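**Student:** Top to bottom, those sequences are chains H and B. Each step along the first sequence adds one to the number in my numbering, with nothing skipped, and position 525 is 545. Each step along the second sequence adds one to the number in my numbering, with nothing skipped, and position 53 is 1316. Just so it is clear, CB atoms sit at the ideal spot from N, CA and C, and this is done for glycine as well. Nothing here was measured: the structure is a model prediction, and the numbers come from that model. Got a structure for you, questions after.
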Amino acid sequence: MMTRRLLFAMVLLGAAWGASSSLDAQVTEQRLTNAAREPQNWLTYSGTYFSQRYSTLNQITPANAKNLELKWMFQTRLAGTWQATPLVVDGVMYITQRINDVIALDAKTGRVFWTYQYTPSPDHKACCGANNRGLAILGDTLFMGTVDAHLVAIDAKDGRPLWNTQVADMKSAYSLTVAPLVVKDKVIVGLGGGELGIRGFIAAYDVKSGKEVWRFYTIPGPGERGHETWEECPPNAPTYCDPEAWKHGGASVWLTGSYDPALNLTYWGVGNAGPSHNPSQRPGDNLYTCSVVALNADTGKLTWHYQFVPNEKYDFDATQIPVLADIDWNGQPIKAMLFANRNGVYYVLDRVTGRFLFGRPFVKVNWLSGFDERGRPNQTPQSFDQPTWPGTQGGTNWYSPSYSPRTGLFYIPAWENYANFVGGTPTQYQEGRNFGGCCTKPYGPVPGAPGVPSIQRGPINNWTETAGSGAVIAIDARTGEQKWKYSFTDVTDSGILTTASDVLFTGVREGFFHALNARTGELLWRVSLGGQIVSGPMTYQVDGKQYVATIAGHSLVVFSLRD
Amino acid sequence: MNIEYMFAIMTSSAIRRWSALEVVLALLWVGGPAIAQNQNAALDHPVQYAPADIAFGASLYSGQCTTCHGSTGDGVGGVNLGSGKFRRATTDRELTTIISTGIAGTAMPGFKFNATEVDGLIAYLRNMNSFDLSSVKPGDVKRGKAIFEGKGACLACHRVQGKGSYVGPNLSDIGTVRGAGALERSLIDPTSGLMPINRPVRAVKKDGTVITGRRLNEDTYSVQLMDTNGRLLSLMKGDLREYQISTKASMPSYKNELDATELADVMAYLLSLKGS
């Protein structure tokens, strides 16, 4: 005989299952599509599918930004740069910390609800610091890539793993550091390992089962369009030529793409070719390296591509965030893509067709002299005894830009005055080994003086700004013309956030976090957080209060206006 | 799940040399997993092992160890596991090492048992000479799952592999973190097995709103919980009129709801849950 208590439990069960259907719809496809309409939340890596890192929250203004104060901090348990951007969903913040932990926190207080620790294989070969940049969410499920190239689905309520799919073989140096992108019922990722001889790809997985739905190789195979750009080696080549260059030609994807629901196209920046600095052993344009690709989100089929640097040799991988915006072009509204490239040039493309509209340098460049009518750059490679501007780390890099529809300005975290001597040597591919092709060396005003460290530095800035310095550069999105600049002594690895009250937030490697006037570049407020800022700031609102979050060093730091 | 992880329930006759008092004490054992840790540094191992752990260990032994060691523990020349004395191990920790990594230079390989399984095996090894394997009535994983999801209504509060409620702790990997003895305690006397972090919270806001749920985290000024609607909530204690944490489990006892066979089936199912 069933007791009353158990009967009650049965009723509860029914209620819980009934409720679960509404819980499952917590973050729906529709909410992701319309994420800009709920600025209290931050639902994707870049805030919305258009990746503008622009929020319509406006509580913090140029007038009151001086009243910002610390609300809470959260310290990671591991050392190393922390590049993640958190998500916030209805008062709960989700963030990844190195190597592959997920933490759910109360967005108001920073107190932890749960943690999930994925233990990657110690044999992973993730390049450049084994970062993880964040999560995607759909329903009540979070998605995280891992440094040993797995994709894991995690229950957002209790941090329990739901499925775990091996995306690629880490022995070949594949890794996942990108924050995934959910589109409809698929979760899309790109693979890292471009310095280690992977053949890159972008792939979509079913959100429920984790099964692969489509895969787009960023290096086309034999018989596929574009494969001919990995040209056959000429007979009697004067230097080493790799007849199988396409098989390990790089083309990694390690920053989150964008999505246009109306066009059903998803856009991803693609990394450099491998070996980076020795293009002569991989003759041809080497598609789709150093390109942006537009893929059908349902099938992964290529709709169009644009290659920024054919047969590239500078490590100018074009993995930056493709920012989507509807702007005026010659008096007509167009669906545009705004792309601030590591190669130092700002591009505007027609995101429907991929047509090149224009490219204009935002920092000093000397690797090109201009473009032909189709947008192919006229390359002007420098000899090894002459500096190349910008240097290998680029005019910008993983640091997210921002576009404000209010100001019409595009904001770029930039490295200026920064150059390298670029050379290359023949390099045989070995699985899982560095495949850089040698060599770059820093350029500086004084021979032998320290150059700018690419990733981290100590507490002393032992170079000068003439070897490279950072800035926020605000340009007219329609023309690329610079409107204002806010310069730093050190370089910057921080992303940028803008808001509907014309406030711009950004950090710098020196550890300062700033609020600037987005229209003028005027400094409104700054605070020294003591640690390098290498992630993108974001904003959200809980119980009527707007918060701004950034990461400095090993700390996630959250501010709001004084109570 | 196959039957290799079937839990074996023990009848009173299974423990020939245990007094009735000892059995009662073992069944009512309160604290952490019965044999997971030696709490007393002066002892090599606990004085007693939970009968449920011994039975679980017996089922594992029967499936994995008898090929070499035999059902009575003396299948390898010069080794008599049933004697309760081991040539290369005195402490449970040393036994764990041998089970997990094997013995170099001998035919003894290392086994990939999880911590719960190792605990069960050791409990059985320590009690082989007083345990009647033939009296074991094995539980069935499939039947246990059916009871868990049906008659037992366990999914009304618990969640397993994406199914069920968030109100109680997620049990997707409970078989790797709780031993058989601890699970038995939780089923029969839930309060005795209630982990402090999972204690029920009742809070009343200043506007009179009552919030109940399971504690997830707490500090001086705030408490984080999973409320009974399956929502993650964070409450500032200063905003509350009342705040209580109960040491009594919300979970009902299944002592009189399920018979011995059904309990064995449910435990067999729980022990088979090892996460994704």
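Given this structure, state the Cα-to-Cα distance separating residue 352(H) from residue 317(H), to the nearest angstrom.
**Tutor:** Roughly 27 Å between the two C-alpha positions.
**Student:** Across which residues does DSSP place residue 121(H) in a beta bridge pair?
**Tutor:** Partner(s): 117(H) and 137(H).
**Student:** Comparing C-alpha positions only, which one of 201(H), 546(H) and 265(H) sits nearest to residue 8(H)?
**Tutor:** Outside the modelled stretch of chain H, which goes from 21 to 583, sits residue 8(H), for which no answer is possible.
**Student:** In its own chain, which residues sit with a C-beta less than 6 Å from the C-beta of residue 117(H), not counting the 5 before and 5 after it?
**Tutor:** These residues qualify, in order along the chain: 96.
**Student:** To which residues of the same chain is residue 1520(B) closer than 6 Å at the C-beta, ignoring the five residues directly before and after it?
**Tutor:** Hits under 6 Å: none found.
**Student:** In three-state DSSP terms, what is residue 1345(B)?
**Tutor:** Residue 1345(B): helix per DSSP, three-state reduction.
**Student:** If we define contact as Cβ-Cβ less than 8 Å, is residue 509(H) a contact residue for chain B?
**Tutor:** Not one chain B Cβ lies under 8 Å of residue 509(H).
**Student:** Please work out which residues of its chain come closer than 6 Å, Cβ to Cβ, to residue 658(H), disregarding the five sequence neighbours upstream and downstream, and give them in chain order.
**Tutor:** Since the first residue shown for chain H is 21 and the last is 583, residue 658(H) is missing from the structure and cannot be characterised.
**Student:** Beta-carbon within less than 8 Å of residue 531(H)'s beta-carbon, same chain only, minus the 5 sequence neighbours each way: which residues are those?
**Tutor:** 548, 549, 550, 551, 552, 553, 572 and 573.
**Student:** Note the first and the last residue of the continuous beta strand (DSSP E) segment covering residue 210(H).
**Tutor:** Segment 206-210, the beta strand (DSSP E) holding residue 210(H).
**Student:** In whole angstroms, give me the CA-to-CA distance for residue 568(H) and residue 127(H).
**Tutor:** Using only the alpha carbons, I get a separation of about 10 Å.
**Student:** So, for residue 1296(B): in the same chain, excluding its five sequence neighbours on each side, which residues have a beta-carbon less than 6 Å away from its beta-carbon?
**Tutor:** With a pLDDT of 34 at residue 1296(B), under the threshold of 50, the modelled position of that residue is not reliable, and the figure given next carries that caveat. The answer, listed in chain order, is 1442 and 1445.
**Student:** Per DSSP, what are the beta-bridge partners of residue 565(H) in this structure?
**Tutor:** Bridge partners of residue 565(H): 562(H).
**Student:** Taking the beta carbon of residue 193(H) as the centre, do at least 16 other beta carbons fall within 10 Å, making it buried, or is it exposed?
**Tutor:** Under this definition residue 193(H) is a buried residue.
**Student:** Grab the span of the beta strand (DSSP E) containing residue 373(H) for me, first residue to last.
**Tutor:** That residue, residue 373(H), is in no beta strand (DSSP E); it is neither H nor E in DSSP.
**Student:** Could you give the first and the last residue of the continuous beta strand (DSSP E) run that contains residue 503(H)?
**Tutor:** Its beta strand (DSSP E) spans residues 502-507.
**Student:** Between 319(H), 55(H), 139(H) and 367(H), which lies nearest to residue 381(H) when the distance is taken from Cα to Cα?
**Tutor:** Closest by alpha carbon: 367(H).
**Student:** Measuring straight from C-alpha to C-alpha, what distance separates residue 243(H) and residue 236(H)?
**Tutor:** Cα to Cα, residue 243(H) sits roughly 14 Å from residue 236(H).
**Student:** In this structure, how does DSSP classify residue 316(H) when only helix, strand and coil are distinguished?
**Tutor:** The answer is strand: DSSP assigns residue 316(H) an E or B state.
**Student:** According to DSSP, simplified to helix, strand and coil, what is residue 1332(B)?
**Tutor:** Helix.
**Student:** Anything in the region 1487-1503 of chain B with a Cβ closer than 8 Å to a Cβ of chain H? List those residues in chain order, please.
**Tutor:** Flagged, chain order: 1487, 1489, 1492, 1493, 1495, 1497 and 1499.
**Student:** Counting only the same chain and skipping the five closest in sequence on each side, list residues whose C-beta sits under 6 Å from that of residue 205(H).
**Tutor:** Cβ neighbours of residue 205(H) beyond the five flanking positions: 227.
**Student:** Just to confirm, are residue 171(H) and residue 162(H) a CB contact at a threshold of 8 Å?
**Tutor:** No.
**Student:** Could you say which of 1525(B), 1480(B), 1461(B) and 1472(B) lies nearest to residue 1509(B) if we only look at CA atoms?
**Tutor:** Of the candidates 1525(B), 1480(B), 1461(B) and 1472(B), the one whose C-alpha sits nearest the C-alpha of residue 1509(B) is 1461(B).
**Student:** Against residue 133(H), what residues of chain B qualify as contacts under a CB-to-CB distance less than 7 Å, listed in chain order?
**Tutor:** Going along chain B in sequence order, the residues near residue 133(H) (Cβ under 7 Å) are 1479, 1480, 1487 and 1495.
**Student:** Using C-beta distances below 6 Å, list every residue in its chain close to residue 1408(B), excluding the 5 sequence neighbours before and after it, in chain order.
**Tutor:** The residues are 1532.
**Student:** Is the region 258-273 of chain H close to the region 347-365 of chain H, with three or more CB pairs under 8 Å?
**Tutor:** The region 258-273 of chain H vs the region 347-365 of chain H: no contact.
**Student:** Following the continuous alpha helix (DSSP H) through residue 489(H), name the residue where it begins and the one where it ends.
**Tutor:** Taken as a continuous stretch (DSSP letters only), residue 489(H) belongs to no alpha helix (DSSP H), being part of the beta strand (DSSP E) at 489-496.
**Student:** Beta-carbon of residue 1462(B) versus every beta-carbon of chain H: anything under 8 Å?
**Tutor:** No, because no Cβ of chain H sits closer than 8 Å to the Cβ of residue 1462(B).
**Student:** With DSSP as the reference, please indicate the residues paired to residue 545(H) in a beta bridge.
**Tutor:** Note: residue 545(H) sits in a beta bridge opposite 535(H).
**Student:** Taking C-beta pairs closer than 7 Å, name the residues in chain B that residue 129(H) reaches, listed in chain order.
**Tutor:** Those within 7 Å of residue 129(H) in chain B are 1485 and 1497.
**Student:** To the nearest angstrom, how far is it from the Cα of residue 1290(B) to the Cα of residue 1314(B)?
**Tutor:** Note that residue 1290(B) scores 32 on pLDDT, short of 50, meaning its location in the model is unreliable; the coordinates nonetheless yield the value given after this. Using only the alpha carbons, I get a separation of about 7 Å.
**Student:** Measuring alpha carbon to alpha carbon, tell me which of 1523(B), 1390(B) and 1326(B) ends up nearest residue 1311(B).
**Tutor:** Per the Cα distances, 1390(B).
**Student:** Can you tell me the Cβ-Cβ gap for residue 211(H) and residue 187(H), rounded? I've got them flagged as a contact below 8 Å.
**Tutor:** Sure, about 7 Å apart at Cβ, within 8 Å.
**Student:** How is residue 184(H) classed by DSSP in three states: helix, strand or coil?
**Tutor:** Looking at residue 184(H) - three-state DSSP - the assignment turns out to be strand.
**Student:** Check each residue of the region 164-187 of chain H: if its Cβ is closer than 8 Å to any Cβ of chain B, include it; give the result in chain order.
**Tutor:** Within the region 164-187 of chain H, the qualifying residues are 175, 177, 178, 180, 181, 182, 183 and 184.
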